[in-house]
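Just so you know, the sequences run in chain order A and B. Just so you know, the working numbering puts 203 at position 193 of the first sequence, and the rest follows in order with no gaps. Just so you know, the working numbering puts 46 at position 30 of the second sequence, and the rest follows in order with no gaps. Backbone N, C-alpha and C fix where the C-beta goes; we use that ideal spot for every residue, glycine too. All of these numbers come straight from a predicted model, not from anything done at the bench.
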Amino acid sequence: MMRKGAIGGAAVAVITSPARAIEPLMYGIQRLIGIKKMPWVFLGPNLGAVLLFSLLPVFINVFYSMTGSDRLFPVDRPWVGGRNYETLFDCQSFLDPSTCSRDLFWRALWNTMVFVPIQVICMIGISLITAICLNRNIRGRGFFRGVFFFPVMLSPVVVALIWQWILQRNGVLNGILTSMGFDAVNWLVFPNTAFFWTVFITVWAHMGFFTIILLAGLQAIPRDVYEAAKMDSASHWRVFTRITLPLLRPMLLVVFILCVIRSVQTFDEIYVLTGGGPGSATMLLVQYIYETGFAAQPRNFGLAAAASLLLGAALLIFTMLQLYFSRKTNNG
Amino acid sequence: MDDATHNTNNPSMIRALLTGRRGRKGFDLADYLTYGFLLLGLFVMFAPVMWLVLSSFKSPSNLNEFPPTVLPETIESVVVEGYANPLPLFEVQMEDGETVILAQTRRVGLNAQMIDPDNVAAGPITVPVANAAPLRQVHFHIENYVNLLTAQGADLWRYVYNSLFITVVATVITLIMNSMAAFALSKYRFRGSNVALLSILATLMIPATVVLVPTYLIVAQLGLVGNLWGVILPTVATPTGVFLLRQYMLTIPDELIEAARMDHASEWRIFWRIILPLSSPALAVVAIFSILSRWNDFLLPLIVLNRREVFTLQLALNSYQSEFEVRYDLLLAMTTLTALPLALAFIFLQRYITSGIASTGIK
Numbered sequence: 011m012m013r014k015g016a017i018g019g020a021a022v023a024v025i026t027s028p029a030r031a032i033e034p035l036m037y038g039i040q041r042l043i044g045i046k047k048m049p050w051v052f053l054g055p056n057l058g059a060v061l062l063f064s065l066l067p068v069f070i071n072v073f074y075s076m077t078g079s080d081r082l083f084p085v086d087r088p089w090v091g092g093r094n095y096e097t098l099f100d101c102q103s104f105l106d107p108s109t110c111s112r113d114l115f116w117r118a119l120w121n122t123m124v125f126v127p128i129q130v131i132c133m134i135g136i137s138l139i140t141a142i143c144l145n146r147n148i149r150g151r152g153f154f155r156g157v158f159f160f161p162v163m164l165s166p167v168v169v170a171l172i173w174q175w176i177l178q179r180n181g182v183l184n185g186i187l188t189s190m191g192f193d194a195v196n197w198l199v200f201p202n203t204a205f206f207w208t209v210f211i212t213v214w215a216h217m218g219f220f221t222i223i224l225l226a227g228l229q230a231i232p233r234d235v236y237e238a239a240k241m242d243s244a245s246h247w248r249v250f251t252r253i254t255l256p257l258l259r260p261m262l263l264v265v266f267i268l269c270v271i272r273s274v275q276t277f278d279e280i281y282v283l284t285g286g287g288p289g290s291a292t293m294l295l296v297q298y299i300y301e302t303g304f305a306a307q308p309r310n311f312g313l314a315a316a317a318s319l320l321l322g323a324a325l326l327i328f329t330m331l332q333l334y335f336s337r338k339t340n341n342g
Numbered sequence: 017m018d019d020a021t022h023n024t025n026n027p028s029m030i031r032a033l034l035t036g037r038r039g040r041k042g043f044d045l046a047d048y049l050t051y052g053f054l055l056l057g058l059f060v061m062f063a064p065v066m067w068l069v070l071s072s073f074k075s076p077s078n079l080n081e082f083p084p085t086v087l088p089e090t091i092e093s094v095v096v097e098g099y100a101n102p103l104p105l106f107e108v109q110m111e112d113g114e115t116v117i118l119a120q121t122r123r124v125g126l127n128a129q130m131i132d133p134d135n136v137a138a139g140p141i142t143v144p145v146a147n148a149a150p151l152r153q154v155h156f157h158i159e160n161y162v163n164l165l166t167a168q169g170a171d172l173w174r175y176v177y178n179s180l181f182i183t184v185v186a187t188v189i190t191l192i193m194n195s196m197a198a199f200a201l202s203k204y205r206f207r208g209s210n211v212a213l214l215s216i217l218a219t220l221m222i223p224a225t226v227v228l229v230p231t232y233l234i235v236a237q238l239g240l241v242g243n244l245w246g247v248i249l250p251t252v253a254t255p256t257g258v259f260l261l262r263q264y265m266l267t268i269p270d271e272l273i274e275a276a277r278m279d280h281a282s283e284w285r286i287f288w289r290i291i292l293p294l295s296s297p298a299l300a301v302v303a304i305f306s307i308l309s310r311w312n313d314f315l316l317p318l319i320v321l322n323r324r325e326v327f328t329l330q331l332a333l334n335s336y337q338s339e340f341e342v343r344y345d346l347l348l349a350m351t352t353l354t355a356l357p358l359a360l361a362f363i364f365l366q367r368y369i370t371s372g373i374a375s376t377g378i379k
């Protein structure tokens, strides 16, 4: 039975039997506190989880970033004020990571600042082209939509291992290259090629997601606008720049912000593929936070918290600015 | 069969079938570009995955070959009387230009000792290695999977169980908690409802990595480090789930609830028996997103699940990969197995997933 909602139905069926016991209990609570307070009973579990695991951590994080030592429990941690931030910014020259006391942080920051714009441009560009192709009146549209979305389903570890298998010294890519007379390349050993593949692979894995969103945006553009343009015998390029792009702008903004936020947070694929290497050429900020706070000995939670707050603040400022400017241009 | 022959006799029909566009004839430059791009995309998207799956059926010696073979292949072998092990078969070009098939008994430098398997009595023949090519056949080597599921078996099934447990339990809890909250936020008017909605939606803005350290602290304080519940609890209250379900429940008419209250149904009964069944399409979308992200989750399990016994499939895969001596035969089989459930789910749920993402815009 594959009708609409069958999965939700199945999930409901799985949890039906404990629910029989809950019903009298919930009825008792309702008798006790009255119908007016019942929404809080429904809201309770979710709100509690949100407060405990999302909002509370933000405040704890601020505290963490102002304390030192490798002890986890906040009471055990001595207050150091802004020293964690000072440590991160302790540089003779901000342009040269090797002059910083925490050179890895600055390398990760520079890598992220190079990675994010390149990845976002490639991601949105390719997703947009794909979405436009899929929006045309072609055969097998559903099939192709599935083709491009398929890698989104794969877990980052699987994605990284697939490409590692292809890119290794004796891999199929080098097999093809040598059969064509080129030399085999150690793709993940050289900083530049390793960096290229991290961009390529993250785009490969996630473009389907953005393609689907952009496709939904394209399909929301009324047909008759295009009909009118055809009557005026406008060229393809003109239709694209004068109709498609302007009408798609709100959707492009959503995709752009989402894409940047996700791009800054990239971790899994690169961690498995290169481990941040060679050297620290592909290490991004999230990996720095993970390694400082969890993989390093001793664990430096304070520094990791400070770095993560800087990351969060940068994202927040970026999103605000973007929304502010888009609203301004839309109104003007 | 008839159709096929009919079509091949009419190339124009095939062309019309492959290239035609609904509603209008002709095929312009933009169409060629579109199909070219999509076919290239088909190759780039599918070929890597197909390559992995094909490779997972190769024997260890076949895996080490360079350049790699497209299909899993083995060297054909034959059992010859007087030799304990099966001997590999070679296609040998003799000096008189004739090609014969011989079994290799041993190799000495540039020469190999061969024997004719059909005529053992004729004795060994010495052949230059350069003249002999191994006789290969396509052979899907399922031993990788058998080894993975049996010899390493106890471990693997544990990882599968851990991954399944996290995915199923977290998804069920997510569905119940999110729909309860969505019910409260869509069907009641009460003081503080806006604040509650805002504080749930505000968490959308908080990247998970930013609160990594304190989340670990809270999990540790609850005594859940190295426990599957330590991965489940921090992820169950998804703001997108609440938002999606709330928007859906707003479309359910309030008259239904009022009628049920007239019949003295309790609030929970209204939620459980009326609102929840009616929301099943939205629940399906939330369930898919939850299953996807829990099965594929990596960073939080990496931090919280610090013992091998509680590893998820993803963590086990990662640890296989970083071990000193990589067993590619097992690694590839395990990668394929890890991707398989979602690949199957994808085939059945493709329509839901793509339209679900398009309607919410957020994973």
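Residue i versus the options, residue with shortest Cα-Cα distance
i	options	result
A:Leu62	B:Phe327, B:Ala349, B:Ala332, B:Pro250	B:Pro250
B:Ser296	B:Ala46, B:Asp270, B:Ser282, B:Met265	B:Met265
A:Ser5	B:Arg310, B:Asp112, B:Ala63	In the structure displayed, chain A extends from 11 to 342; residue 5 of chain A sits before or after that span and is not available.
B:Ala349	B:Ile91, B:Phe82, B:Pro76	B:Pro76
B:Pro102	B:Leu118, B:Asn163, B:Leu87	B:Leu118
B:Leu55	A:Phe83, A:Phe153, A:Phe219, A:Val51	A:Phe153
B:Glu81	B:Arg367, B:Tyr344, B:Leu365, B:Pro357	B:Tyr344
B:Ala128	B:Pro150, B:Ala137, B:Leu315, B:Glu114	B:Pro150
A:His246	A:Arg146, A:Gly91, A:Arg112, A:Cys110	A:Arg146
B:Glu89	B:Ala100, B:Pro83, B:Glu97, B:Lys74	B:Lys74
Residue(s) in a DSSP beta bridge with residue i
i	result
B:Glu89	B:Val154
A:Trp89	A:Thr77
A:Cys269	DSSP lists no partner for A:Cys269.
A:Leu66	According to DSSP, A:Leu66 bridges with nothing at all.
B:Val143	B:Ala128
B:Val108	B:Val116, B:Ala148
B:Leu103	B:Val94
Minimum Cβ-Cβ distance from residue i to chain B less than 9 angstroms
i	result
A:Asn184	yes
A:Tyr74	yes
A:Leu263	no
A:Val126	no
A:Ser336	no
A:Thr329	yes
A:Ala306	no
A:Asn121	no
A:Glu96	no
A:Thr77	no
A:His246	yes
A:Ile131	no
A:Leu57	yes
A:Ser103	no
A:Asn8	Lying outside 11 to 342, the shown extent of chain A, residue 8 of chain A is not represented and no answer is given.
Residue i at chain A interface by Cβ criterion, 9 angstroms
i	result
B:Tyr48	no
B:Arg285	yes
B:Ala275	no
B:Gly57	yes
B:Thr354	yes
B:Met278	no
B:Glu271	no
Environment of residue i [buried if 16+ CB atoms lie within 10 Å]
i	result
A:Leu325	buried
A:Arg309	buried
B:His157	buried
A:Val72	exposed
B:Glu283	buried
A:Trp89	exposed
A:Ile222	buried
A:Val85	exposed
Beta-carbon proximity check, residue i vs residue j, cutoff 9 angstroms
i	j	result
B:Leu228	A:Ala314	yes
A:Ile271	A:Gln297	no
A:Tyr95	B:Ile319	no
A:Ile231	A:Leu262	no
B:Val108	B:Pro133	no
B:Val12	B:Leu244	Outside the shown range of chain B, which is 17 to 379, sits residue 12 of chain B, and nothing can be said about it.
B:Leu316	B:Tyr175	no
Min CB distance residue i to chain D below 9 angstroms
i	result
A:Leu171	The structure shown contains no chain D; its protein chains are A and B.
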